[in-house]
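*Asks:*
There are 2 protein chains.
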Amino acid sequence: MTDTVHLSLEEVHALARDALRRLGCSEPQAGAIADTVTAAERDECQSHGLFRIPFYARVIATGRPDPRAEPEISELAPAVARVDGRMGFAPLALQRGAAPLAERARSQGIAALSVNNVFHIAALWPEVERLAEQGLVAFAFTGAINYVAPAGGTRPLFGTNPMAFAWPRENGPPVVFDQASSVSARGEIQIRRRDGVSLPAGWAVGPDGAPTTDPDIALKGAQLPFGGHKGSAIAMMVELLAGALIGDLFSYEAGERDADGTGAPQGGELMIAIDPARCTAGGEATASLGHAEQLFSRILEQEGTRLPSQRRVDARRRTLTAGVEVPRSLVERIGALG
Amino acid sequence: MTDTVHLSLEEVHALARDALRRLGCSEPQAGAIADTVTAAERDECQSHGLFRIPFYARVIATGRPDPRAEPEISELAPAVARVDGRMGFAPLALQRGAAPLAERARSQGIAALSVNNVFHIAALWPEVERLAEQGLVAFAFTGAINYVAPAGGTRPLFGTNPMAFAWPRENGPPVVFDQASSVSARGEIQIRRRDGVSLPAGWAVGPDGAPTTDPDIALKGAQLPFGGHKGSAIAMMVELLAGALIGDLFSYEAGERDADGTGAPQGGELMIAIDPARCTAGGEATASLGHAEQLFSRILEQEGTRLPSQRRVDARRRTLTAGVEVPRSLVERIGALG
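Protein chains in written order, with my numbering: chain E, 3 to 340; chain A, 3 to 340.
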């Protein structure tokens, strides 16, 4: 049994925020990161929760990010806003960009947000969920560090390149997915290395290009895209959208800049938001959202299925009142930072 | 050896168009379908080429589509146009919607096109490629007939739900992918049934929900999404975008309406177009497109890789001058239609 500490979500937030402040983050940067960390703990996604705070500490220690950066908003076109994160972390840039994106989606029907010059080590679901909570359909795309070989190849080129999507619901939290375009998250391989467990076949190749189930060899080689050439095509699309399209870095360029090997990519993120009230001849979101509920019911009436975000939403119901258990060693480590 | 007839691409177009005219299509409907059929033959995608004309004939014979429909364009929001296909086939609606979509993408930065009330039995790459040839980044999403089980489930609910993406290039045809969210196209299973060949594991389950490699049992059961729950999430997203969001049918509703079992879905399609010149602080597409070329070079420098549309583009180089070989039996069958 791991020795744990019981924390309310308010305590999780304060623990994260205070550590980030001691590490040199401005109040807004620290607050926005603490929000994403708390949302992850609330939803029992521990790998994006407090576990990330020592990671932020390592990245700040390289001197590359500006932990006091103030993002700058501009308009690139009537339906395209931009947030220049000015080398700060992604969460604050995304918080600041949410309103300009949502306003444009409502007035123009669809809108995009180019997020530039951020360091990205958080999940994408918080930003698409935030938009969907306001009744908008939302997409997010971001690169990473080049860990993944293109289909047919054997050397790392693409990032794990997540793509997230959120659909609003009138009587509950949005339906959200946030999935890497690699078979597995990098962390899943790292955990297996730590635990001395082999990888399932098909996850990775070694530096020699041969398939491997050895986590250590896999981490030196390349991860593989999910679903073969189809996942590889999606990974390429994410590179183009979050890199070339918005004038930011590809994953291999982020890798070149990460000389310290922190694993924290500098790069961009593209978000798209659509207002369901502006996409039908009737012009009412209610009918569209009601129709979607019929699809969700049809999915759930089959045994063995679930909606993509269901596990997170179920966790949230428990933790909002009951709080969470966090390993004591992690709480102590965070308390000693800065 | 199959007995074949040599046809120029002009002859392919005339063969298709004339047959569709005899089957009752208006000149614009026949011309637009013939354009997509010819593009498929040109790119050696035979399954979407002349092979489809007898399929169109069967669908027209049901009396459900209106082969003389005139699509109607309207504006739903500054960045959202709509084409009501009025129960005609998709190609004409998509041709007519291309200019309103491109204009809005240029003026607003990003735009969407809701395509409603069409019968869809063509590939999606022609419409995204058309936009990318004009320098725009383009997406397309459409449902199908419910053939695919959601991840964890065993009964057909989703369509094979393709998603297409195109990226413009300054010195050549766009990079394009158009991929089903099922492991395989339905046609690949049908061809294996015809040829008495087993399916690879993981393609399908039978009506009892058990995995099967028997094409006949698979066609009575359900196809599986590619990449497990990730492909299933994408299939769900496509249902929501091409169904609920734009006020059109889900694949299972298209299936209910296809009482004759033609396999031709009535439904909608969502397109999104983005102008790369409006997505960067610099405001120049040239830099973005040049940057993308560096990524493509990095992909291709790895042995064993290719760009998604490379095979089609290579075929095109040959067939534009050399024409194509078409099975004589197919040419005769099309000649006898109507």
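Each residue gets a CB set at the ideal place from its N, CA and C atoms; glycine is no exception.
Just so we're clear, the structure is a prediction, and the values are computed from it rather than from any experiment.
Compare the C-beta of K222(A) against all C-beta atoms of chain E and say whether one is closer than 9 Å.
*Replies:* no
*Asks:* Should S290(E) and P175(E) be called a contact, given that it needs their Cβ atoms to be closer than 9 Å?
*Replies:* no
*Asks:* Beta-carbon of F179(E) versus every beta-carbon of chain A: anything under 9 Å?
*Replies:* Yes, F179(E) counts as interfacial toward chain A.
*Asks:* Compile a chain-ordered list of the residues in the stretch 278–293 of chain A whose CB is closer than 8 Å to at least one CB of chain E.
*Replies:* P278, R280, C281, T282, A283, G284, G285, A289, S290, L291 and H293
*Asks:* Of the residues that make up the stretch 77–99 of chain E, which ones have a beta carbon closer than 8 Å to any beta carbon in chain A?
*Replies:* L78, A79, P80, A81, V82, R84 and D86
*Asks:* Assuming G189(A) and S10(A) make a contact with CB atoms under 8 Å, what is their CB distance in whole Å?
*Replies:* Not confirmed; about 26 Å, so no contact.
*Asks:* When you compare the CB of P152(A) with every CB in chain E, is at least one pair closer than 9 Å?
*Replies:* yes
*Asks:* Can you tell me where the beta strand (DSSP E) with L272(E) in it begins and where it stops?
*Replies:* Q268 to I276
*Asks:* Identify the contact partners of P310(E) in chain A, using a Cβ-Cβ distance below 9 Å as the criterion.
*Replies:* H231, S234, A235 and M238
*Asks:* Could you tell me the distance, in whole angstroms, from the CA atom of G245(E) to the CA atom of L251(E)?
*Replies:* Roughly 5 Å separates the two Cα atoms.
*Asks:* Could you check if P278(A) is buried or exposed, using at least 16 other CB atoms within 10 Å of its CB as the buried criterion?
*Replies:* Under this definition P278(A) is a buried residue.
*Asks:* Where are the alpha helix (DSSP H) runs, 4 residues long or more, that stay fully inside the stretch 179–243 of chain A, in chain order?
*Replies:* 188–197, 217–222 and 231–241
*Asks:* At a Cβ threshold of 9 Å, is S109(E) touching chain A?
*Replies:* yes
*Asks:* Report the residues of the stretch 107–134 of chain A with a CB closer than 8 Å to any CB of chain E, ordered along the chain.
*Replies:* S109, Q110, G111, I112, A113, A114, S116 and N118
*Asks:* What's the call for N118(A), buried or exposed, on a 16-neighbour Cβ count within 10 Å?
*Replies:* buried
*Asks:* With 16 other CB atoms within 10 Å as the buried threshold, where does A100(E) fall?
*Replies:* buried
*Asks:* Does the CB of V343(E) have a neighbour CB from chain A at under 9 Å?
*Replies:* Look at the range of chain E in this structure, 3 to 340, and you will see that residue 343(E) is not part of it.
*Asks:* Over the uninterrupted beta strand (DSSP E) stretch that includes H8(A), give me the two end residues.
*Replies:* Looking at the DSSP string, the run of the beta strand (DSSP E) that includes H8(A) is T6 to L9.
*Asks:* Would you tell me roughly how many angstroms separate the C-alpha atoms of D180(A) and G325(E), rounded to the nearest one?
*Replies:* Cα-Cα distance, rounded: 45 Å.
*Asks:* Have a look at R171(E) and S299(E) and give me their C-alpha separation to the nearest angstrom.
*Replies:* 13 Å
*Asks:* What does the Cβ neighbour count give for T4(A), buried or exposed, with the cut at 16 atoms within 10 Å?
*Replies:* exposed
*Asks:* Examine the ligand FMN and report whether any of its heavy atoms sits within less than 8 Å of the Cβ of S290(E).
*Replies:* Because no ligand of any kind appears in the structure shown, any question about the ligand FMN cannot be addressed here.
*Asks:* At a CB-CB cut-off below 8 Å, which residues of chain E make contact with F167(A)?
*Replies:* Simply A235 and M239.
*Asks:* So the candidates are H8(E), I276(E), L221(E) and A287(E); which of them puts its Cα closest to the Cα of T162(E)?
*Replies:* L221(E)
*Asks:* Does L94(E) come out as helix, strand or coil in the three-state DSSP assignment?
*Replies:* Under the three-state reduction of DSSP output, L94(E) falls in the helix class.
*Asks:* Show which residues of chain E have a CB atom less than 8 Å away from the CB atom of L242(A).
*Replies:* Within chain E, the residues near L242(A) are V139, W169, A294 and L297.
*Asks:* Going by beta carbon distance, what residues of the same chain come within less than 6 Å of D68(E), once the five residues before and after it are set aside?
*Replies:* M89 and G90
*Asks:* Select from G111(E), Y149(E) and K232(E) the residue whose C-alpha is nearest the C-alpha of L115(A).
*Replies:* G111(E)
*Asks:* Could you check the C-alpha separation between K232(E) and V120(E) for me, to the nearest Å?
*Replies:* 28 Å
*Asks:* With a Cβ-Cβ cutoff of 9 Å, do L339(A) and R24(A) count as a contact?
*Replies:* yes
*Asks:* Does A79(E) pass the burial test, meaning 16 or more other C-beta atoms within 10 Å, or should it be called exposed?
*Replies:* buried
*Asks:* Tell me which same chain residues have a C-beta within less than 6 Å of the C-beta of F167(A), skipping the five on either side of it?
*Replies:* F141 and F179
*Asks:* Is A18(E) helix, strand or coil by DSSP?
*Replies:* A18(E) falls in the helix class under three-state DSSP.
*Asks:* Would you decide whether T323(E) is buried or exposed? Buried here means 16 or more other CB atoms lie within 10 Å of its CB.
*Replies:* exposed
*Asks:* Does DSSP put I55(A) in a helix, a strand or coil?
*Replies:* Helix.
*Asks:* Answer yes or no: do L52(E) and L332(E) have a C-beta to C-beta separation smaller than 9 Å?
*Replies:* yes
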